[in-house]
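See below for the structure under consideration.
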Amino acid sequence: MKRGLVSLRETETHRDLLSEAMSYAEGSSGELVVLWHLEDDEYDEGVRTLEAVGRIEHVEYDHSSIIEGASEDARSFIRRAAGDTDVDVHVVVGVGSEDGRAEQILETADEHGCDHVFLVGDSRSPTGKAVFGDVAQRVILDFDGYTTTTTV
Numbered sequence: 006m007k008r009g010l011v012s013l014r015e016t017e018t019h020r021d022l023l024s025e026a027m028s029y030a031e032g033s034s035g036e037l038v039v040l041w042h043l044e045d046d047e048y049d050e051g052v053r054t055l056e057a058v059g060r061i062e063h064v065e066y067d068h069s070s071i072i073e074g075a076s077e078d079a080r081s082f083i084r085r086a087a088g089d090t091d092v093d094v095h096v097v098v099g100v101g102s103e104d105g106r107a108e109q110i111l112e113t114a115d116e117h118g119c120d121h122v123f124l125v126g127d128s129r130s131p132t133g134k135a136v137f138g139d140v141a142q143r144v145i146l147d148f149d150g151y152t153t154t155t156t157v
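Quick note on the numbering used here: the sequence shown kicks off at 6 and runs consecutively.
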C-alpha cells in the first residue's frame, strides 16, 4: 500500500479501524488520507451558531471555521488512535448526507491516488441493503483497489 484512505467518524469502531490502518501503513511505508465525515445537519448547525454569535458580536464569521474545527477534531481523534505509530496522515473533511457517503469516499480516494480504502460497514440485513443501499458494498464494488472493512 502506498496511500490508503480511512473513512472515519468519531466512534470506538472507527478508532479501532484507524489504529489497524495506521499499523498497516507503517508496515508498508505508506501514508494515509483520513476522510472525516461531517453530516449536513452538523454543518448547518455550525453555520446557525456562527451567524447567531456574529449577530450578537456584530461580526461576520467565515464558515470555513466549521471545516477547520472538524479538521482539528479529526486530528485529535487521530492522535488518540495513533499510539506509537509514525505515519504521514492528511485530513480531508467531507460534508454531506449519508446517501452521498459512498460517492464521497470514492471521489476522495481517486483525488488523492489511494490504492486501499478502510471503512466501517453498516450492519444491515440483505433486504435493508437491497432497499437502502450499503456504503461499504458500493465502495467494495466500485473502488479499483483493495478494501478493508469491519462492521459496527
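Glycine included, each C-beta is placed from N, C-alpha and C at the ideal position.
Pick helix, strand or coil for residue i, following the three-state DSSP scheme.
i	result
His68	coil
Glu15	coil
Asp49	helix
Report the rounded CA-to-CA distance for residue i versus residue j, giving the unit in angstroms.
i	j	result
Leu13	Ser34	21 Å
Leu10	Val100	16 Å
Asp120	Val38	11 Å
Lys7	Ile61	49 Å
Arg53	Asp147	36 Å
Asp104	His68	23 Å
Asp115	Val64	38 Å
Trp5	Ile71	Beyond the ends of the chain as shown, which are 6 and 157, falls residue 5; an answer cannot be given.
Gly118	Thr152	14 Å
What does DSSP give as the partner residue(s) for residue i in the beta ladder?
i	result
His121	Gly9 and Tyr151
Leu37	Gly9 and Val94
Gly126	Thr156
Leu43	Val100
For chain B, is any of its Cβ atoms less than 8 Å away from the one on residue i?
i	result
Arg106	Among the chains in the structure shown there is no chain B, since it carries only a single protein chain.
Take residue i as the anchor and find which of the options has the nearest alpha-carbon.
i	options	result
Tyr29	Ile71, Val122 and Val98	Val122
Leu124	Ile110, Gly118, Asp115 and His117	Ile110
Ser24	Arg85, Gly150 and Asp127	Arg85
Item checked: 3-residue-minimum beta strand (DSSP E) runs that sit fully inside the segment 61–114, ordered along the chain -> List check, beta strand (DSSP E) in window: 94–101.
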